[in-house]
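First up is the structure itself, then whatever we jot down about it.
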Amino acid sequence: MAGGAALPVRRLLLLLLQLLALPAGRGSRAGPDSLYVSEYFSQSAQKLSFYSWYGNAKLFHFRVPEDTVLLRWLLQASRGKGPECTNMEITVHFRYGAPPVINPLGTHFPANATVPPSYSLSMALRGTTQNNTFVNISTPAAGDWFIAAHLPQAAGRIEVKGFSTPCSYMFQADMFVLRLPEMPVLEPGVAVPQTIPSPAKPLHVKVFVPKHAAGMRLELRSCLTREQKACAVRVVLGSITLPQSFQRILTCTGNTSCSLALESPPWEKWMQIMVESLGAASANVSVEMLASFTACRPGSTSSFVNFSSLNQSQTGPRPGSPGAAGSPALPSGEASHNASAQRSFCLQTQPVVREDLDVVSVRYRLLNGPGVPVHTISPTLLLLNLNTGMDSGGSLVVNLLLNKTSVSLGNASVVGCVSAASPVLSLNATRNCSTAFFQGYPLSLSTSSAEAMLIVLYPQTDDWFLSLQLICPQGQGECNSAEAKVTVFAYLTPCFNDCGPYGQCSLLRRHGYLYAGCSCKAGWGGWSCTDDSKAQSIGVQNLATLLLTLSNLMFLPAIAVAVYRYYLVEASVYTYTMFFSTFYHACDQPGVAVMCIMDYDTLQYCDFLGSVVSIWVTILCMSRVKKILKYVYHGVKRSRCYPSSWKRWVFYLLPGITLAFIAISVYAFMETNENYYYTHSIWHVLVASSVAFLLPPRDKHKKPWAWSQKLTCRYQICQNDREELYAVT
């Protein structure tokens, strides 16, 4: 960690090159024929916010290139210099493949939701105005990386612009990578000699994992030093991912061969392998490396669209036919032939079509229908494609339903596993649903529990797989001819359950990347607004709505006074404000106690407009700008100030000013999210009451309800306020 003033970009680059131990301009050698290449990526600084929901966290999105051997982030946090800026703790979260799933408020997640642990660190701003922190990751996984930063939990007080100046806390992340553009490649089945120059310069190689690879075996042979002595090396397979890393480490000593086997390696990806010497600093180590794969043969019967079955699913079976109930019946010879064919396959694939519906919204449709046949010999596999780069900002929902009438299962159960990068090809009751570099999410179905659901929050960008297999507790032999039907519903949604009745799903954007979050109301909390530990009851919600709406009826006395004193413009404005404030607050309430007569934004704008205009017309009415010269003249002539009576001050002006001052104080300094419906209702009452006191008295020359006289009389006496003359018309 290093702290200090901000550095210029050029000087910063030179400093980072020195920290990476690179000669500026050329790079350092990793081996006889390879060169390191350094690259720099930066994103603009963002102003941090106190945390109340995920939208307050500022997100940074980086993409790490292939063949990167070292990743270094420079995290820069700063604050303003005003007296309002205090010591602060900034929390930074990291995750590979998708935005980090965080829970700073300690709320509950929805049931059946996966909550990956968050890798985070704190940056303190105490005494200094800036903090620079470095984070190093060796052999990072290539692809999307995300950083989220935020301030501590929000205090809950509603800030009014203009009454206080909040402190500005800024955060910026820069990324430096060191990669090998010419990393050696291992060919499967070919022993390749390699050289480790020294312990300070490890060997980096990579191997491509083909599709349908069930396992991988890495073997090291003839490991010798330059003096033909036995060597000691450390082998690291895979790349680092956060918050969890599943690298496999192998230590080899002596000149004998050593190997490491992986089950379900990631399909169609480059796997990085690092070999470092554990010997003396000047020891040169030579070794032979051999990578081999075992293939998994997929079933071909369901790999393609079965047009005849599609045609039958559209027309449906005829009543009384063998396939009218449950699954279609097959002749015994054909059933035995299918059973023997399944034994030659390690998995049965089902064709799945991805349908993009909207932003971060995808539906997966099974071409052979939602019912998936599941057997005991080999797992049934479904591919859920989430590798577009724009799918990681939502929630992947997988819902399974077992058809109890499809076959007599007895005590048998269906075991499932949802995993990324590669599927689990061997399922049983004791297996932990894991692949070579990923911990999957298990699912289970039985006759007693026929439904299972999984919610993957912010799934990482990759190919996802759903594996299903039938398990018999008495032994697999008893279930060889059995078949279970499982209905699969899988979809990607921005917010699970649309955040429920007490939340709003919001789409957030950062440099073209879209992700979603839930903003909760009425005391509800949690990732999907499902945490009701602080939720308001229905009675409290109704009370809040009644207080915020009926408190606007306090404008009726002000309207009556304005009409009585012939201030028709002011009365119209107060009526407008009362109407739109009432229905705006009726529409602004969450949950069941809500009523909207028009669009929410329209009501909000009209409420704000009415409030501002009401204040101004009251001030202008009190000032009487047009008659100010006349009142100065009368004040000099009569040697008295206006208002001429002390009663006007005591019983009208001072109470009105006091009420207005209290209302402004409550509005500016006492409103919080918890007491909003109380304090804002008090604001309505105090403001409306102050208006009734502050309106000036009626002009002595105008009688109340004077417009009724204009309608009944043909001739009337008109008064000229400026010249105080009378004319007969």
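Basically this note's numbering = 1-based index in the sequence shown + 1397.
All residues carry an ideal CB built from backbone N, CA and C; glycine is no exception.
Within its chain, find whatever has a CB closer than 8 Å to the CB of residue i; leave out the 5 residues flanking it on each side and keep chain order.
i: T2015; result: E1967, V2088, L2091 and L2092
i: A2057; result: L2083, V2084, S2087 and L2091
Taking the continuous beta strand (DSSP E) assigned at residue i, which residues delimit it?
i: H1982; result: Counting along the chain, H1982 falls outside any beta strand (DSSP E), though it belongs to the alpha helix (DSSP H) covering L1965 to D1985.
i: F1834; result: It is not in any beta strand (DSSP E) - F1834 carries neither H nor E in the DSSP assignment.
i: N1533; result: Q1527 to S1535
i: N1796; result: S1792 to N1800
i: V1883; result: A1881 to T1890
i: L1659; result: C1655 to E1660
i: T2127; result: With the chain represented from 1398 up to 2126, any question about residue 2127 goes unanswered, as that position is not in the structure.
i: L1779; result: T1777 to L1783
i: S1864; result: D1859 to I1868
i: Y1437; result: V1434 to S1439
i: F2058; result: Where F2058 is concerned, there is no enclosing beta strand (DSSP E), although the alpha helix (DSSP H) it sits in stretches over L2051 to S2062.
i: I1994; result: Careful: I1994 lies outside any beta strand (DSSP E) and carries neither H nor E.
i: A1957; result: Careful: A1957 lies outside any beta strand (DSSP E), inside the alpha helix (DSSP H) at F1952 to Y1961.
What's the gap between the Cα of residue i and the Cα of residue j?
i: R1694; j: L1659; result: 18 Å
i: T1650; j: A1588; result: 19 Å
i: L1575; j: S1519; result: 25 Å
i: S1439; j: A1546; result: 16 Å
i: V1461; j: L2006; result: 49 Å
i: L1953; j: Y1964; result: 14 Å
i: V1466; j: T1526; result: 33 Å
i: L1950; j: S2078; result: 11 Å
i: G1696; j: G1766; result: 18 Å
i: D1895; j: L1754; result: 15 Å
i: F1459; j: H1601; result: 23 Å
i: S1705; j: K1882; result: For S1705, the predicted model reports a pLDDT of 35, less than 50, meaning its position is unreliable and no value from the coordinates is stated.
i: Y1761; j: L1840; result: 19 Å
i: F1643; j: C1984; result: 50 Å
i: R1906; j: F1457; result: 11 Å
i: Y2049; j: I2059; result: 16 Å
i: L1947; j: P1891; result: 37 Å
i: G1676; j: V1630; result: 8 Å
i: A1680; j: A1521; result: 43 Å
i: S1674; j: Y1433; result: 19 Å
i: A1692; j: L1577; result: 29 Å
i: W1684; j: S1619; result: Rather than Trp, the amino acid found at residue 1684 in this sequence is Val. Whole-angstrom Cα-Cα distance: 6 Å.
i: V1632; j: Q1443; result: 40 Å
i: G1635; j: R1645; result: 7 Å
Mind checking which residues open and close the alpha helix (DSSP H) that includes residue i?
i: A1611; result: First-last for A1611: A1610 to T1622, but that is the beta strand (DSSP E), not the alpha helix (DSSP H).
i: A1817; result: First-last for A1817: S1810 to A1817, but that is the beta strand (DSSP E), not the alpha helix (DSSP H).
i: Q1938; result: I1935 to L1947
With a CB to CB cut of under 6 Å and the five nearest residues on each side skipped, what residues in its chain are close to residue i?
i: F1690; result: P1585, A1610 and M1613
i: L1793; result: V1853, P1856 and L1889
i: F1447; result: L1548 and A1551
i: A1399; result: Only weak support exists for where A1399 lies, its pLDDT of 36 falling under 50; the value from the coordinates is given anyway. Result list for A1399: N1529, in chain order.
Bridge partners for residue i per DSSP, in chain order?
i: D2004; result: D2004 pairs with nothing; no bridge assigned.
i: W1542; result: F1459 and Y1493
i: H1547; result: T1488
i: Y1516; result: F1491
i: Y1910; result: R1907
i: W1470; result: V1532 and M1572
i: G1676; result: The partner list for G1676 (beta bridge, DSSP) is empty, contrary to what the question assumes.
i: V1602; result: I1670
i: I1646; result: V1633
i: Y1451; result: Answer by DSSP bridge pairing: none, since Y1451 is not bridged.
i: F1893; result: Paired residues: none, contrary to the question.
i: K1444; result: M1567
i: F1390; result: Nothing about residue 1390 can be reported from this structure: the residues present for the chain run from 1398 to 2126 only.
i: G1922; result: D1928
i: Q1901; result: S1916
Since residue i and residue j are thought to touch, with beta carbons under 8 Å apart, how far apart are those beta carbons, to the nearest angstrom?
i: G1452; j: S1916; result: 7 Å
i: I1935; j: V1989; result: 6 Å
i: G1791; j: V1749; result: Going by Cβ atoms, the distance from G1791 to V1749 rounds to 18 Å, so no, they are not a contact pair.
i: L1779; j: L1863; result: 4 Å
i: P1507; j: S1925; result: 5 Å
i: V1811; j: G1837; result: In fact, because the Cβ distance is near 15 Å, the residues do not count as touching under 8 Å.
Flag residue i as yes if its beta-carbon sits less than 9 Å from any beta-carbon of chain C, otherwise no.
i: S2087; result: The chain inventory of the structure shown lacks chain C, comprising one protein chain alone.
Leaving out five residues on either side along the sequence, give the residues of the same chain with a beta carbon under 7 Å from the beta carbon of residue i.
i: P2052; result: F2090
i: A1959; result: E1967, A1968, Y1971 and L2092
i: C1655; result: L1617, L1647 and C1649
i: P1497; result: H1490, F1491, S1515, F1543 and A1545
i: Y1973; result: G2007
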